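Numbering (our numbering), first residue to last: 15 to 338.
Next up, the structure:
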(Lines of atoms letter the chains of each structure in order from A and count residues from 1; the text may use other names and numbers.)
(Lines give C-alpha, C1' and ligand atoms only; values in the text may rest on other atoms or scores of the structure.)
Protein backbone atom coordinates (compact mmCIF):
# COMPACT_ATOMS: atom_id res chain seq x y z
CA UNK A 1 0.00 0.00 0.00
CA UNK A 2 2.84 2.41 0.85
CA UNK A 3 4.54 1.76 -2.47
CA UNK A 4 1.27 2.31 -4.32
CA UNK A 5 0.72 5.64 -2.56
CA UNK A 6 4.23 6.79 -3.45
CA UNK A 7 3.77 5.66 -7.07
CA UNK A 8 0.65 7.83 -7.24
CA UNK A 9 2.55 10.87 -6.00
CA UNK A 10 1.92 10.58 -2.29
CA UNK A 11 4.43 10.97 0.52
CA UNK A 12 4.83 8.96 3.73
CA UNK A 13 6.34 10.72 6.75
CA UNK A 14 7.28 8.39 9.60
CA UNK A 15 7.79 9.56 13.21
CA UNK A 16 5.86 12.78 12.60
CA UNK A 17 3.55 13.38 15.53
CA UNK A 18 0.77 15.91 14.99
CA UNK A 19 0.89 18.46 17.81
CA UNK A 20 -0.91 21.56 16.53
CA UNK A 21 -3.37 22.93 14.00
CA UNK A 22 -3.40 26.43 12.55
CA UNK A 23 -6.95 27.55 11.83
CA UNK A 24 -7.95 30.55 9.71
CA UNK A 25 -11.29 31.66 8.28
CA UNK A 26 -13.10 28.41 9.06
CA UNK A 27 -10.42 26.18 7.56
CA UNK A 28 -7.25 24.43 8.62
CA UNK A 29 -4.42 26.53 7.24
CA UNK A 30 -1.67 24.08 8.21
CA UNK A 31 -0.74 21.29 10.62
CA UNK A 32 2.42 21.18 12.73
CA UNK A 33 4.34 18.16 13.99
CA UNK A 34 6.42 17.74 17.14
CA UNK A 35 9.67 18.61 15.35
CA UNK A 36 8.20 21.91 14.11
CA UNK A 37 7.56 20.76 10.54
CA UNK A 38 4.57 22.50 8.94
CA UNK A 39 2.39 20.81 6.33
CA UNK A 40 -0.16 22.55 4.12
CA UNK A 41 -2.89 20.97 2.01
CA UNK A 42 -6.27 21.70 0.45
CA UNK A 43 -8.00 18.96 2.44
CA UNK A 44 -7.11 17.20 5.70
CA UNK A 45 -8.35 13.71 6.59
CA UNK A 46 -8.22 13.04 10.33
CA UNK A 47 -8.12 9.25 10.53
CA UNK A 48 -6.76 8.35 13.96
CA UNK A 49 -7.34 5.14 15.86
CA UNK A 50 -9.77 5.05 18.76
CA UNK A 51 -6.95 5.49 21.31
CA UNK A 52 -5.51 8.79 20.00
CA UNK A 53 -6.18 10.64 23.23
CA UNK A 54 -3.59 13.31 22.45
CA UNK A 55 -5.53 14.26 19.30
CA UNK A 56 -8.86 14.37 21.15
CA UNK A 57 -7.27 16.62 23.78
CA UNK A 58 -5.71 18.83 21.11
CA UNK A 59 -9.05 19.37 19.37
CA UNK A 60 -10.72 20.15 22.69
CA UNK A 61 -7.98 22.65 23.62
CA UNK A 62 -8.36 24.34 20.22
CA UNK A 63 -12.14 24.66 20.77
CA UNK A 64 -12.80 22.40 17.80
CA UNK A 65 -16.05 20.61 18.51
CA UNK A 66 -15.95 16.99 19.66
CA UNK A 67 -18.55 14.92 21.50
CA UNK A 68 -18.55 12.22 24.16
CA UNK A 69 -19.63 8.96 22.50
CA UNK A 70 -21.12 5.97 24.35
CA UNK A 71 -18.97 2.86 24.06
CA UNK A 72 -18.69 -0.55 25.73
CA UNK A 73 -16.41 -1.85 28.47
CA UNK A 74 -15.88 -5.17 30.19
CA UNK A 75 -13.48 -8.11 30.21
CA UNK A 76 -11.89 -10.85 28.12
CA UNK A 77 -13.29 -14.31 28.77
CA UNK A 78 -11.14 -17.31 27.84
CA UNK A 79 -12.24 -20.96 27.59
CA UNK A 80 -10.37 -24.06 26.51
CA UNK A 81 -11.11 -24.23 22.78
CA UNK A 82 -12.38 -27.78 23.25
CA UNK A 83 -15.31 -26.53 25.36
CA UNK A 84 -16.41 -24.09 22.63
CA UNK A 85 -15.96 -26.77 19.95
CA UNK A 86 -18.14 -29.20 21.90
CA UNK A 87 -20.84 -26.58 22.43
CA UNK A 88 -20.96 -25.45 18.80
CA UNK A 89 -20.36 -28.74 16.98
CA UNK A 90 -22.22 -30.95 19.48
CA UNK A 91 -19.42 -33.47 19.65
CA UNK A 92 -16.78 -34.36 22.20
CA UNK A 93 -13.89 -34.10 19.72
CA UNK A 94 -13.83 -31.67 16.79
CA UNK A 95 -13.26 -33.29 13.41
CA UNK A 96 -9.92 -32.28 11.91
CA UNK A 97 -11.72 -30.90 8.84
CA UNK A 98 -13.64 -28.39 10.97
CA UNK A 99 -12.12 -25.06 12.05
CA UNK A 100 -11.96 -24.10 15.73
CA UNK A 101 -15.47 -22.96 16.64
CA UNK A 102 -16.43 -19.34 17.25
CA UNK A 103 -19.48 -17.75 18.85
CA UNK A 104 -21.44 -14.51 19.01
CA UNK A 105 -23.57 -13.81 22.05
CA UNK A 106 -25.80 -10.92 23.07
CA UNK A 107 -28.25 -10.33 25.90
CA UNK A 108 -30.21 -7.57 27.60
CA UNK A 109 -29.62 -7.47 31.35
CA UNK A 110 -31.84 -4.99 33.20
CA UNK A 111 -32.24 -2.99 30.01
CA UNK A 112 -28.51 -2.84 29.29
CA UNK A 113 -26.76 -4.56 26.39
CA UNK A 114 -24.16 -7.24 27.17
CA UNK A 115 -22.42 -8.77 24.16
CA UNK A 116 -19.38 -10.61 22.88
CA UNK A 117 -16.80 -8.60 20.95
CA UNK A 118 -13.91 -9.62 18.70
CA UNK A 119 -14.19 -13.36 19.41
CA UNK A 120 -10.87 -15.13 18.72
CA UNK A 121 -11.01 -18.92 18.21
CA UNK A 122 -7.68 -20.65 18.73
CA UNK A 123 -6.52 -17.25 19.90
CA UNK A 124 -4.40 -15.28 22.32
CA UNK A 125 -5.19 -12.55 24.84
CA UNK A 126 -2.73 -9.71 24.34
CA UNK A 127 -1.80 -6.49 26.18
CA UNK A 128 -3.07 -3.41 24.35
CA UNK A 129 -2.43 -0.40 26.59
CA UNK A 130 -1.21 2.82 24.99
CA UNK A 131 -0.18 4.77 28.10
CA UNK A 132 1.96 3.95 31.18
CA UNK A 133 0.15 2.82 34.30
CA UNK A 134 -2.89 1.51 32.42
CA UNK A 135 -3.96 -2.04 31.63
CA UNK A 136 -5.95 -3.00 28.54
CA UNK A 137 -6.43 -6.47 27.08
CA UNK A 138 -7.49 -7.45 23.58
CA UNK A 139 -7.49 -10.65 21.56
CA UNK A 140 -6.25 -12.02 18.27
CA UNK A 141 -6.08 -15.31 16.42
CA UNK A 142 -3.03 -16.54 14.50
CA UNK A 143 -3.81 -17.58 10.92
CA UNK A 144 -3.87 -21.28 11.81
CA UNK A 145 -6.07 -20.67 14.87
CA UNK A 146 -4.14 -23.43 16.53
CA UNK A 147 -3.87 -22.20 20.11
CA UNK A 148 -5.74 -24.32 22.68
CA UNK A 149 -7.81 -21.35 23.86
CA UNK A 150 -10.88 -19.44 22.68
CA UNK A 151 -11.21 -15.89 23.93
CA UNK A 152 -13.68 -13.07 23.42
CA UNK A 153 -14.34 -9.61 24.72
CA UNK A 154 -17.51 -9.55 26.82
CA UNK A 155 -18.64 -5.98 27.25
CA UNK A 156 -21.42 -3.76 28.58
CA UNK A 157 -22.87 -0.56 27.14
CA UNK A 158 -21.66 2.62 28.89
CA UNK A 159 -23.37 6.03 28.70
CA UNK A 160 -22.42 9.55 29.80
CA UNK A 161 -24.73 9.25 32.81
CA UNK A 162 -22.96 6.04 33.83
CA UNK A 163 -19.64 7.87 33.87
CA UNK A 164 -21.03 10.85 35.80
CA UNK A 165 -22.55 8.53 38.41
CA UNK A 166 -19.33 6.53 38.67
CA UNK A 167 -17.20 9.58 39.51
CA UNK A 168 -19.89 10.87 41.87
CA UNK A 169 -19.91 7.56 43.78
CA UNK A 170 -16.11 7.76 44.07
CA UNK A 171 -16.53 11.14 45.74
CA UNK A 172 -14.82 12.79 42.76
CA UNK A 173 -17.71 14.39 40.86
CA UNK A 174 -16.77 15.98 37.56
CA UNK A 175 -18.70 18.02 35.02
CA UNK A 176 -19.88 16.58 31.75
CA UNK A 177 -17.50 17.29 28.89
CA UNK A 178 -16.61 15.84 25.49
CA UNK A 179 -13.74 13.97 27.20
CA UNK A 180 -15.91 12.51 29.98
CA UNK A 181 -16.08 8.95 28.67
CA UNK A 182 -12.39 9.00 27.77
CA UNK A 183 -11.63 9.97 31.39
CA UNK A 184 -13.89 7.17 32.61
CA UNK A 185 -12.07 4.71 30.35
CA UNK A 186 -8.69 5.86 31.68
CA UNK A 187 -9.83 5.55 35.30
CA UNK A 188 -10.88 1.91 34.85
CA UNK A 189 -7.66 1.03 33.02
CA UNK A 190 -5.58 2.56 35.81
CA UNK A 191 -7.49 0.57 38.44
CA UNK A 192 -6.89 -2.63 36.46
CA UNK A 193 -3.16 -1.89 36.24
CA UNK A 194 -2.92 -1.32 40.00
CA UNK A 195 -4.99 -4.42 40.78
CA UNK A 196 -2.59 -6.52 38.72
CA UNK A 197 0.38 -5.22 40.69
CA UNK A 198 2.05 -3.51 37.75
CA UNK A 199 4.17 -4.88 34.88
CA UNK A 200 0.91 -5.43 32.92
CA UNK A 201 -0.05 -8.52 34.91
CA UNK A 202 -3.84 -8.72 34.58
CA UNK A 203 -6.34 -9.23 37.43
CA UNK A 204 -8.42 -12.34 36.79
CA UNK A 205 -11.01 -14.70 38.29
CA UNK A 206 -12.69 -17.94 37.25
CA UNK A 207 -16.07 -17.39 35.59
CA UNK A 208 -18.32 -19.20 38.07
CA UNK A 209 -16.43 -17.66 40.99
CA UNK A 210 -16.96 -14.22 39.45
CA UNK A 211 -20.70 -14.78 39.15
CA UNK A 212 -20.91 -16.12 42.70
CA UNK A 213 -18.87 -13.23 44.16
CA UNK A 214 -16.06 -15.58 45.17
CA UNK A 215 -12.29 -15.17 45.10
CA UNK A 216 -10.50 -17.76 42.97
CA UNK A 217 -7.99 -19.70 45.03
CA UNK A 218 -6.30 -20.80 41.80
CA UNK A 219 -6.52 -19.86 38.14
CA UNK A 220 -6.50 -22.00 34.99
CA UNK A 221 -3.74 -21.63 32.43
CA UNK A 222 -4.18 -18.58 30.23
CA UNK A 223 -2.76 -17.34 26.93
CA UNK A 224 -2.05 -13.84 28.30
CA UNK A 225 1.75 -13.81 28.36
CA UNK A 226 2.45 -11.03 30.91
CA UNK A 227 0.51 -13.28 33.27
CA UNK A 228 -2.65 -13.13 35.38
CA UNK A 229 -3.18 -12.86 39.10
CA UNK A 230 -6.23 -13.82 41.14
CA UNK A 231 -8.14 -10.73 42.18
CA UNK A 232 -11.71 -9.70 42.95
CA UNK A 233 -12.27 -7.74 39.74
CA UNK A 234 -15.44 -6.30 41.19
CA UNK A 235 -12.98 -3.86 42.74
CA UNK A 236 -11.87 -2.88 39.24
CA UNK A 237 -15.13 -2.68 37.32
CA UNK A 238 -18.04 -0.34 38.11
CA UNK A 239 -20.93 -2.18 39.74
CA UNK A 240 -23.25 -1.73 36.75
CA UNK A 241 -20.64 -3.41 34.54
CA UNK A 242 -19.84 -6.43 36.70
CA UNK A 243 -23.49 -7.03 37.64
CA UNK A 244 -24.46 -6.94 33.96
CA UNK A 245 -21.64 -9.33 33.12
CA UNK A 246 -22.71 -11.72 35.86
CA UNK A 247 -26.22 -11.83 34.45
CA UNK A 248 -24.89 -12.15 30.93
CA UNK A 249 -22.58 -15.08 31.69
CA UNK A 250 -25.38 -16.98 33.41
CA UNK A 251 -27.71 -16.34 30.46
CA UNK A 252 -25.07 -17.36 27.91
CA UNK A 253 -24.54 -20.59 29.85
CA UNK A 254 -28.16 -21.46 29.13
CA UNK A 255 -27.72 -20.73 25.42
CA UNK A 256 -24.43 -22.60 25.00
CA UNK A 257 -23.99 -25.84 26.86
CA UNK A 258 -20.75 -25.83 28.81
CA UNK A 259 -20.12 -22.10 28.40
CA UNK A 260 -20.75 -21.31 32.07
CA UNK A 261 -17.85 -23.06 33.76
CA UNK A 262 -15.07 -22.47 36.24
CA UNK A 263 -12.66 -23.70 33.60
CA UNK A 264 -13.12 -20.30 31.95
CA UNK A 265 -11.16 -17.29 33.20
CA UNK A 266 -12.33 -13.67 33.26
CA UNK A 267 -9.50 -11.18 32.58
CA UNK A 268 -9.80 -7.41 33.10
CA UNK A 269 -10.11 -5.11 31.31
CA UNK A 270 -11.49 -4.91 27.76
CA UNK A 271 -12.00 -1.18 27.29
CA UNK A 272 -11.03 -0.24 23.72
CA UNK A 273 -14.05 -1.55 21.85
CA UNK A 274 -14.64 1.77 20.09
CA UNK A 275 -13.82 5.43 20.45
CA UNK A 276 -15.16 7.22 23.55
CA UNK A 277 -15.22 10.40 21.43
CA UNK A 278 -17.00 11.37 18.22
CA UNK A 279 -15.70 14.14 15.96
CA UNK A 280 -18.80 15.59 14.27
CA UNK A 281 -19.11 15.91 10.51
CA UNK A 282 -21.75 16.92 8.00
CA UNK A 283 -23.79 14.08 6.54
CA UNK A 284 -23.50 15.66 3.08
CA UNK A 285 -19.96 17.01 2.84
CA UNK A 286 -18.37 14.72 5.50
CA UNK A 287 -16.49 17.77 6.77
CA UNK A 288 -16.32 19.10 10.32
CA UNK A 289 -19.05 21.71 10.94
CA UNK A 290 -16.44 24.30 11.98
CA UNK A 291 -13.73 23.48 9.45
CA UNK A 292 -14.71 23.09 5.81
CA UNK A 293 -11.53 21.24 4.80
CA UNK A 294 -11.27 18.79 7.75
CA UNK A 295 -12.66 15.30 7.14
CA UNK A 296 -13.04 13.23 10.35
CA UNK A 297 -12.71 9.60 9.31
CA UNK A 298 -12.79 6.05 10.61
CA UNK A 299 -12.75 4.51 14.04
CA UNK A 300 -11.12 7.29 16.05
CA UNK A 301 -13.62 9.83 14.75
CA UNK A 302 -16.49 7.54 15.73
CA UNK A 303 -17.65 6.41 12.28
CA UNK A 304 -16.36 2.83 12.18
CA UNK A 305 -16.09 -0.18 14.43
CA UNK A 306 -13.22 -2.20 13.01
CA UNK A 307 -10.75 -2.64 10.17
CA UNK A 308 -13.20 -3.16 7.31
CA UNK A 309 -15.70 -0.47 8.27
CA UNK A 310 -12.85 2.01 8.83
CA UNK A 311 -11.44 1.21 5.39
CA UNK A 312 -14.85 1.70 3.79
CA UNK A 313 -15.26 5.05 5.53
CA UNK A 314 -11.86 6.14 4.26
CA UNK A 315 -12.77 5.08 0.75
CA UNK A 316 -15.98 7.12 0.91
CA UNK A 317 -14.12 10.26 1.96
CA UNK A 318 -11.36 9.78 -0.63
CA UNK A 319 -13.93 9.45 -3.39
CA UNK A 320 -15.68 12.62 -2.25
CA UNK A 321 -12.44 14.62 -2.11
CA UNK A 322 -11.49 13.38 -5.59
CA UNK A 323 -14.59 15.15 -6.96
CA UNK A 324 -13.54 18.54 -5.57
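Just so you know, even glycine gets a beta-carbon here, dropped at the ideal spot from N, CA and C.
Computed from a predicted structure; not experimentally measured.
Pick from the options that is closest to residue i, judged by C-alpha positions
i           : options            : result
residue 39  : 201, 333, 321, 307 : 307
residue 142 : 253, 203, 15, 225  : 203
residue 273 : 92, 111, 44        : 92
residue 180 : 254, 260, 191      : 254
residue 95  : 55, 89, 20, 278    : 278
residue 259 : 271, 237, 227, 286 : 227
residue 137 : 320, 237, 300      : 237
residue 32  : 288, 69, 149, 106  : 69
residue 89  : 128, 72, 144       : 128
residue 282 : 207, 328, 231      : 207
residue 24  : 55, 256, 36        : 55
residue 300 : 160, 270, 334      : 334
residue 156 : 172, 331, 135, 171 : 135
residue 285 : 53, 29, 316, 201   : 201
residue 145 : 106, 197, 187      : 197
residue 67  : 118, 193, 133, 108 : 193
residue 170 : 57, 107, 257       : 257
residue 36  : 52, 119, 19        : 52
residue 71  : 314, 263, 318      : 314
residue 8   : 252, 161, 280, 57  : As shown, the chain starts at 15 and ends at 338. That puts residue 8 outside it, with no answer to give.
residue 77  : 191, 21, 216       : 191
residue 240 : 109, 140, 130      : 140
residue 117 : 111, 251, 186, 266 : 266
residue 133 : 305, 154, 58       : 154
residue 12  : 280, 264, 268, 57  : The structure shown does not extend to residue 12, since the chain spans only 15 to 338, so no value can be given for it.
residue 287 : 150, 18, 111       : 150
Residue i, buried or exposed, once every other Cβ within 10 Å from all chains shown has been counted against 16
i           : result
residue 62  : buried
residue 291 : buried
residue 303 : exposed
residue 322 : exposed
residue 152 : buried
residue 10  : The structure shown does not extend to residue 10, since the chain spans only 15 to 338, so no value can be given for it.
residue 326 : exposed
residue 229 : exposed
residue 43  : exposed
residue 199 : buried
residue 64  : buried
residue 147 : exposed
residue 262 : buried
residue 320 : exposed
residue 363 : With the chain covering 15 to 338 only, the question about residue 363 has no answer from this structure.
residue 232 : exposed
Residue span of the alpha helix (DSSP H) that contains residue i, given as start and end
i           : result
residue 326 : 321-336
residue 223 : 221-225
residue 97  : 95-103
residue 17  : 16-21
residue 49  : Careful: residue 49 lies outside any alpha helix (DSSP H) and carries neither H nor E.
residue 206 : 194-209
residue 69  : 67-75
Any non-hydrogen atom of the ligand ADP closer than 7 angstroms to residue i Cβ
i           : result
residue 133 : In the structure shown, the ligand ADP is absent, as is every other ligand, since no ligand is present at all.
Extent of the continuous beta strand (DSSP E) run through residue i
i           : result
residue 123 : 120-123
residue 255 : It is not in any beta strand (DSSP E) - residue 255 instead sits in the alpha helix (DSSP H) that spans 253-269.
residue 59  : 58-60
residue 152 : 151-154
residue 177 : Taken as a continuous stretch (DSSP letters only), residue 177 belongs to no beta strand (DSSP E), being part of the alpha helix (DSSP H) at 174-183.
residue 242 : 242-244
Identity of the residues DSSP links to residue i by a beta bridge
i           : result
residue 143 : Per DSSP, none; premise fails for residue 143.
residue 292 : 81
residue 165 : 92, 134
residue 38  : 41
residue 284 : 88
residue 310 : 60
residue 279 : 92, 220
residue 26  : Paired residues: none, contrary to the question.
residue 127 : 122
residue 32  : 47
residue 215 : DSSP, once it has assigned bridges, lists no residue as partnering residue 215.
residue 171 : 86
Assess, as a yes-or-no matter, whether the segment 168-176 is touched by the segment 78-86 under the definition of 3 or more beta carbon pairs within less than 8 angstroms. yes
Cβ contact (3+ pairs, closer than 8 angstroms) linking the segment 39-48 and the segment 229-245: no
Decide if the segment 72-82 is in contact with the segment 117-134; the criterion is three or more beta carbon pairs, one per stretch, under 8 angstroms apart. no
Between the segment 203-214 and the segment 98-107, are three or more C-beta pairs nearer than 8 angstroms? no
Any 3 or more C-beta pairs closer than 8 angstroms across the segment 216-224 and the segment 152-167: no
Is it a yes or a no for the segment 281-295 touching the segment 309-316, going by three-plus beta-carbon pairs under 8 angstroms? yes
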